[in-house]
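Visitor: First to last, the sequence lines map onto chains A and B. With our numbering, letter number 262 in the first sequence gets 262, and the count goes up by one each step, no holes. With our numbering, letter number 134 in the second sequence gets 134, and the count goes up by one each step, no holes. Think of the CB as a built atom: it goes at the ideal place given N, C-alpha and C, for glycine as much as any other residue. Quick one: the structure is below, and I'll ask about it shortly.
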Amino acid sequence: PLTSRVSPAAAATMPPLPTMTHSSSFLLPSSSPPAPPTGADAENAVSYAVVVLNQRLPRFAPLLWTRARLRVCADGGANRVFDGMPDLLPGEDPDEVRVRYKPDAIEGDMDSVRPEVKEYYSSLGTQIIDDSPDQDTTDLNKCISFITRNPPGPDNSNLFILVLGALGGRFDHEMGNINVLHRFSNTRIILLSDDSSIFLLPKTHSHEIHIERSVEGPHCGLIPMGAPSSSSTTTGLRWNLDNTSMNFGGLLSTSNIVEEEIVTVTSDSDLIWTISLRKHT
Amino acid sequence: DYLQEDKMLWRTIRSMEVMAHSSSFLLPKLHQPAKTPANNYTLVVLNQQLPRFMPRLWAQAKMRICADGGANRIFDEMSQMTNDLDRNRYIPEIVEGDMDSIRPEVKRFYSSQGSKISDKSHNQETTDLHKCISSIRHRTPDHEKANLCVLVTGALGGRFDHEAANINVLYVFSDMRIVLLSDDCLIQLLPKTHHHEIYIESSVEGPHCGIFPIGAPSTSTTTTGLKWNLSDAEMRFGSMISTSNIVDSDKVTVQSDADLLWTISLRNLT
């Protein structure tokens, strides 16, 4: 045994952690964009915001864009939307696609966005927020701050921020983007690439991850990024953790397999959950 | 007694050993400096699209190992990069791994050309990269270990859990020099046991760089040679880590109480 268990007496007096549920239902295909909810539904309804960073769009970008009520491009992410959306919707007229897939805001220091792209979106009403580069916050950090200050719904409680282009590319950017998950641990932020989805499982909660098998899995992992975990416990995986310790230099849970429709995770440390996305997603 | 006191003093004033790093392996062969920190290169090719500068790495390496599907990548992509249709010029010495990705015809070709096929399919506990590094270490005599540097392509990008497992290999084998390379950047471990001197080859790398405490937080890290140096600074995920930094000198130094990952952007490498 790698860790000592909490004594039964102590366990009985510790309050259980609140549960946080997670679902990738936003990746499910739909034939038309969902109508915004009204009345009582509106208060509990989930709302999505999309942030596009400066990497090639994943194949499901148009689907997430139409799901979202707020779309922000970080600097060169605007080039990616301008060039990439028509490519992902080849049957449609590029100019019509560009008008339909217009960001609400472009934020950053504007050193990557092409001048003609900036002009084009500006003329369509996109808000241009020119921020000088700053050592302490990355482009993604600034976009998340913008969204939390201007939530698309009544508040941030059911807001999910979907980020495209945060993984791959320059490694320091990727690390900075993962650090944003830790810095905004009270905000639901999901980083998505063609291959994977990742989000933070804060140690303050016990987690229930609902698996959408048609679009994600089976490969998954749990990574203690930034600090070791002396005790993590899971259910629903092929190789479950049972009060197991994980750290860089030792064991990480990678190349694991989801076996149940609900995976549960509890840990003494913040963990990054990752799951593979199916090729036809 | 005075003898004990002397011994203790000696332990505290002895400075940390310096570990020097250089990316001279990225330079064309003709521009190799006479002396480099470690110049016995082994190349490990994982199963992702080859970086643009693969021919340069291939030429530098004394030993080339394809990890499973990495052999497909050499077979398919190398000739396009070099405009050289002769596959016989790019034969890895070893093809190693669990063999679930390598195409049968690719395996047959390399086997017929003399590559050693090392089938590790019985071991499902570790990744292909882990297996390769483990064999390299096993095969390298002790007196040659200090001079060995393992260059790895295809470890970054792709599935995130694979990337994390590959980065973990740097931590598990922290006494070896291992460099993970992509088209955009390189990453390597700076163990806390050493004071690091990183010589910057500005014709092929930089200026963007970063330093990350991925395994555990650092309570004290000090650097020189960066635009935003750290001075006895704390670094932690959830708080400050050094991203989008800029190299400001041809030598960067790093000393820390935690193992750190160093990354620098690559350029001009077509």
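Under 6 Å Cβ to Cβ from E43(A), same chain only, skipping five residues before and after it: list those, please.
Guide: With a pLDDT of 49 at E43(A), under the threshold of 50, the predicted position of this residue should be treated as unreliable, though the coordinate-derived value follows. Cβ neighbours of E43(A) beyond the five flanking positions: none.
Visitor: If you draw a straight line from the C-alpha of Q80(B) to the C-alpha of V45(B), how long is it?
Guide: 17 Å
Visitor: Taking the alpha-carbon positions, what's the S229(A) to E119(A) distance?
Guide: Distance from the CA atom of S229(A) to the CA atom of E119(A), rounded to whole angstroms, is 48 Å.
Visitor: Looking at C-alpha atoms only, which residue of V169(B), A59(B), A164(B) is the closest neighbour of G168(A)?
Guide: Measuring from the Cα of G168(A), the nearest candidate turns out to be A164(B).
Visitor: Any C-beta of chain A sitting closer than 8 Å to the C-beta of G215(B)?
Guide: yes
Visitor: Verify the CB distance criterion: does L156(B) have a CB-CB separation below 8 Å to chain A?
Guide: yes
Visitor: Determine, using beta-carbon pairs with one atom in the stretch 198-207 of chain B and one in the stretch 177-192 of chain A, whether at least three such pairs fall under 8 Å.
Guide: no
Visitor: Looking at I102(B): is its Cβ nearer than 8 Å to the Cβ of A71(B)?
Guide: yes
Visitor: Ignoring anything shorter than 4 residues or poking outside the stretch 146-195 of chain B, list the alpha helix (DSSP H) runs there in chain order.
Guide: Counting whole runs of 4 or more residues, the stretch 146-195 of chain B contains the alpha helix (DSSP H) stretches 160-172.
Visitor: Strictly under 8 Å for the Cβ-Cβ distance: is A227(A) near chain B by that measure?
Guide: yes
Visitor: Out of V254(B), K227(B), I198(B), L260(B), which has the shortest C-alpha to C-alpha gap to I167(B)?
Guide: L260(B)
Visitor: Of all the CB atoms in chain A, is at least one closer than 8 Å to the CB of N168(B)?
Guide: yes
Visitor: Return the CA-CA distance between V18(B) and M78(B), expressed in angstroms with no decimal places.
Guide: 37 Å
Visitor: Can you tell me where the beta strand (DSSP E) with K116(B) in it begins and where it stops?
Guide: 116-119
Visitor: Alpha carbon to alpha carbon, how far is S206(A) from T19(A)?
Guide: Answer to the nearest angstrom: the Cα atoms are 5 Å apart.
Visitor: Can you give me the Cβ contacts of E144(B) inside the same chain, cut-off strictly under 7 Å, excluding the 5 residues immediately before and after it?
Guide: Within the same chain, and ignoring the five residues on either side of E144(B) in sequence, the residues whose Cβ sits closer than 7 Å to its Cβ are N40.
Visitor: Taking 8 Å as the threshold (beta carbon to beta carbon), is T138(A) in contact with chain B?
Guide: Interface flag for T138(A) against chain B is set, since a Cβ pair is found closer than 8 Å.
Visitor: Checking 8 Å against the spacing of the C-beta atoms, do V150(B) and L181(B) come in under that value?
Guide: No.
Visitor: Under three-state DSSP, which class holds F75(B)?
Guide: F75(B): helix per DSSP, three-state reduction.
Visitor: With 16 other CB atoms within 10 Å as the buried threshold, where does L340(A) fall?
Guide: An answer regarding residue 340(A) cannot be provided, because it is not within the stretch 1 to 281 covered by chain A.
Visitor: For the candidate residues T233(A), L201(A), L237(A), whose alpha-carbon lies nearest to that of P218(A)?
Guide: L237(A)
Visitor: Are the stretch 74-81 of chain A and the stretch 102-112 of chain A touching by the rule of at least three beta carbon pairs closer than 8 Å?
Guide: yes
Visitor: Leaving out the 5 sequence neighbours to the left and right, which residues in its chain are closer than 6 Å to F75(B) when beta-carbon positions are compared?
Guide: Annotation for F75(B): V106 place their beta carbon closer than 6 Å to its own, counting only its chain and skipping 5 residues before and after.
Visitor: Which ranges does the beta strand (DSSP E) cover as unbroken runs of at least 3 residues, wholly within the stretch 209-261 of chain B, from first to last along the chain?
Guide: 218-224, 233-235, 242-246, 251-256
Visitor: So is D195(A) buried or exposed if we call it buried at 16+ other beta carbons inside 10 Å?
Guide: buried
Visitor: With 8 Å as the C-beta to C-beta threshold (strictly closer), list the residues of the stretch 88-103 of chain B near chain A in chain order.
Guide: none
Visitor: So, do the stretch 56-72 of chain A and the stretch 80-89 of chain A have three or more beta carbon pairs nearer to each other than 8 Å?
Guide: yes
Visitor: Check S229(A) in the structure and name its three-state DSSP category.
Guide: strand
Visitor: Of the choices H21(B), A155(B), M63(B), whose alpha-carbon is the least far from that of N47(B)?
Guide: Residue A155(B) is the option with its Cα nearest to N47(B).
Visitor: Are three or more beta carbon pairs between the stretch 212-227 of chain A and the stretch 244-261 of chain A nearer than 8 Å?
Guide: Verdict: yes, contact present.
Visitor: Assign M175(A) to one of three DSSP states: helix, strand, or coil.
Guide: In the three-state reduction of the DSSP assignment, M175(A) falls in the helix class, which pools H, G and I.
Visitor: Extract the residue ranges of the beta strand (DSSP E) inside the stretch 44-100 of chain B, only unbroken runs of 3 or more that lie entirely within it.
Guide: 63-67, 94-97
Visitor: Do W262(B) and I187(B) have their beta-carbon atoms positioned less than 8 Å apart in this structure?
Guide: yes
Visitor: Just mark Q55(A) as buried or exposed, buried being the case when its beta carbon has 16 or more other beta carbons within 10 Å.
Guide: buried
Visitor: Going by the CB atoms, is the gap between D109(A) and S132(A) shorter than 8 Å?
Guide: yes
Visitor: Would you say S265(B) reaches chain A, if we count a Cβ-Cβ gap shorter than 8 Å as a contact?
Guide: Yes, S265(B) counts as interfacial toward chain A.
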